[in-house]
């Protein structure tokens, strides 16, 4: 049977193979934004939940997990293919300044580690209410009345320019 050659498919496969790293093969991840939080879902099938470790240091979130090889004797087996990697895996995410590091949550269920990374309160968009006051007619100053000078203070322009 003749096999057709499509150069674009071959180039795409080549770059896909280059993009695969040990972390992405052992710990494939989906990352998305949902409302005011980021969510990372990392596939960790066959991983003992007690081996999952998540920590944050200097805005770098690190996930480590271990998938152990089967307990049976490999000498008794004649492998035809072996595609499920074993060992200790690590994956790192660099977190920006817009996330709240102290409110990150992690949950492991059905072989998927779900990290919920909320945005920092100061990074969330918010509405600023505008106060509205009615301007009344300014009283006219007549001669002979003492008026106090306006209090001295810094102006916004002065703050911006200093």
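Residue numbers (our numbering): 1189 to 1350. Idealized CB from N, CA, C, for every residue including glycine. Please read all numbers here as calculations on a predicted model, not as lab measurements.
According to DSSP, what are the bridge partners of residue i?
{"i": "residue 1301", "result": "1230 and 1296"}
{"i": "residue 1242", "result": "1251"}
{"i": "residue 1314", "result": "None; residue 1314 has no bridge partner."}
{"i": "residue 1222", "result": "1225"}
Once DSSP output is grouped into helix, strand and coil, what is the label at residue i?
{"i": "residue 1216", "result": "coil"}
{"i": "residue 1283", "result": "coil"}
{"i": "residue 1278", "result": "strand"}
{"i": "residue 1344", "result": "Any answer about residue 1344 is weak, because its pLDDT of 47 lies below 50 and its placement is not dependable; what the coordinates show is given next. Residue state, collapsed to three classes: helix."}
{"i": "residue 1306", "result": "strand"}
{"i": "residue 1264", "result": "helix"}
{"i": "residue 1273", "result": "coil"}
Identify the continuous beta strand (DSSP E) that holds residue i and give its terminal residues.
{"i": "residue 1322", "result": "Looking at the DSSP string, residue 1322 is not in any beta strand (DSSP E), and its letter there is neither H nor E."}
{"i": "residue 1289", "result": "Premise fails: residue 1289 is in no beta strand (DSSP E) and is neither H nor E."}
{"i": "residue 1253", "result": "1248–1255"}
For residue i, count neighbouring C-beta atoms within 10 Å of its own C-beta (all shown protein chains included) and say buried if the count is 16 or more, exposed if not.
{"i": "residue 1230", "result": "buried"}
{"i": "residue 1263", "result": "exposed"}
{"i": "residue 1267", "result": "exposed"}
{"i": "residue 1232", "result": "buried"}
{"i": "residue 1316", "result": "exposed"}
{"i": "residue 1279", "result": "buried"}
{"i": "residue 1214", "result": "buried"}
{"i": "residue 1238", "result": "exposed"}
{"i": "residue 1219", "result": "exposed"}
{"i": "residue 1287", "result": "buried"}
{"i": "residue 1235", "result": "buried"}
{"i": "residue 1253", "result": "buried"}
Can you check whether the C-beta of residue i is within less than 8 Å of a C-beta belonging to chain C?
{"i": "residue 1317", "result": "Within the model displayed, chain C is absent; a lone protein chain is all it includes."}
Contact between the segment 1219–1229 and the segment 1293–1311: three or more CB pairs below 8 Å?
yes
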